[in-house]
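Structure, as structure tokens:
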Amino acid sequence: GEAGVEKDNELDAERLRALCARFKGVYREAGLSFPEDPLEQMRLAICAVFDSWNSARAIKYREVQKIKGLRGTAVNVQAMAYGNMGDTSATGVLFTRDASTGENRLYGEYLINAQGEDVVAGIRTPEPIETLRERIPEAYDELLRNTRILEEHYRDMQDIEFTVQEGKLYMLQCRSGKRTGVA
Numbered sequence: 415g416e417a418g419v420e421k422d423n424e425l426d427a428e429r430l431r432a433l434c435a436r437f438k439g440v441y442r443e444a445g446l447s448f449p450e451d452p453l454e455q456m457r458l459a460i461c462a463v464f465d466s467w468n469s470a471r472a473i474k475y476r477e478v479q480k481i482k483g484l485r486g487t488a489v490n491v492q493a494m495a496y497g498n499m500g501d502t503s504a505t506g507v508l509f510t511r512d513a514s515t516g517e518n519r520l521y522g523e524y525l526i527n528a529q530g531e532d533v534v535a536g537i538r539t540p541e542p543i544e545t546l547r548e549r550i551p552e553a554y555d556e557l558l559r560n561t562r563i564l565e566e567h568y569r570d571m572q573d574i575e576f577t578v579q580e581g582k583l584y585m586l587q588c589r590s591g592k593r594t595g596v597a
């Protein structure tokens with residue numbers, strides 16, 4: 415890209431500062447001031463998500479996919495969890511069951527000292543979820559308890575994203591998991 419990197423997570427602090435300065439310049443050229451208040455930034459981000467529902471691209475997508483009868487989209491606001499804060503931090507994805515066989519065991523992977531997209535980006539080789547038990551045992555035990563609760567509540571295999579920040583587990587997202595016909 416223009417900044418000499420392919421992915422945004424490759425930007426160092428100096429390049430991020432330069433990018434922010436350019437972005438603020440776009441605001442100035444439009445006769446606006448960049449909102450410095452974090453609550454105002456969040457309000458604007460929420461409005462942007464809601465407004466995206468009526469964008470031409472979103473409308474076309476719903477038409478092509480024959481999606482009808484929905485009133486809008488949702489916004490989820492949550493605290494940032496950092497999986498890149500050392501050896502007691504991690505990020506990962508897992509299924510509450512083996513998606514190919516249906517076996518009742520956790521199936522997934524994680525990376526120590528990494529952020530969310532690093533797991534699927536192929537930057538480093540993720541570790542199998544079972545090894546988290548030795549690396550960060552308290553977080554693993556809590557994760558195991560939470561996966562059981564979620565699967566029982568939703569009555570379906572769950573696809574879960576999580577982050578561990580300095581030993582504390584954060585459940586970021588869950589949804590019903592896709593599986594093979596056998597599972």
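Heads up: the sequence shown begins at 415 in our numbering, then just goes up one per residue. The beta carbon of each residue, even a glycine, is placed where N, CA and C say it ideally should be. Predicted model, so just to flag it, every value in this text is computed and none were measured.
Helix, strand or coil at residue i [DSSP, three-state]
{"i": "residue 511", "result": "coil"}
{"i": "residue 521", "result": "strand"}
{"i": "residue 550", "result": "coil"}
{"i": "residue 541", "result": "strand"}
{"i": "residue 370", "result": "Since the first residue of the chain shown is 415 and the last is 597, residue 370 is not available in this structure."}
{"i": "residue 526", "result": "strand"}
{"i": "residue 446", "result": "coil"}
{"i": "residue 490", "result": "coil"}
Bounding residues of the beta strand (DSSP E) (the contiguous stretch that carries residue i)
{"i": "residue 577", "result": "572–579"}
{"i": "residue 589", "result": "582–590"}
Enclosing alpha helix (DSSP H) for residue i [first to last residue]
{"i": "residue 456", "result": "452–466"}
{"i": "residue 428", "result": "427–443"}
{"i": "residue 474", "result": "470–478"}
{"i": "residue 532", "result": "532–535"}
Nonlocal neighbours in the same chain, by C-beta distance under 8 Å from residue i, ignoring five residues either side
{"i": "residue 504", "result": "497, 524, 525, 526, 527, 528, 546, 549, 550, 553, 577, 578"}
{"i": "residue 482", "result": "476"}
{"i": "residue 629", "result": "Here the chain comprises residues numbered 415 to 597, so residue 629 is not present and cannot be evaluated."}
{"i": "residue 533", "result": "505, 506, 507, 523, 524, 525, 540"}
Cβ-based neighbour list, residue i, same chain, cut-off 7 Å, excluding 5 preceding and 5 following
{"i": "residue 542", "result": "523"}
Same chain, Cβ closer than 6 Å to residue i, five either side skipped, listed in chain order
{"i": "residue 467", "result": "486, 487"}
With three or more beta-carbon pairs closer than 8 Å as the criterion, would you say the segment 494–504 touches the segment 527–536?
yes
The segment 485–495 in contact with the segment 577–589 per 3-pair CB rule at 8 Å:
yes
Inter-stretch contact (C-beta, 8 Å, three-pair minimum) for the segment 417–426 and the segment 448–463:
no
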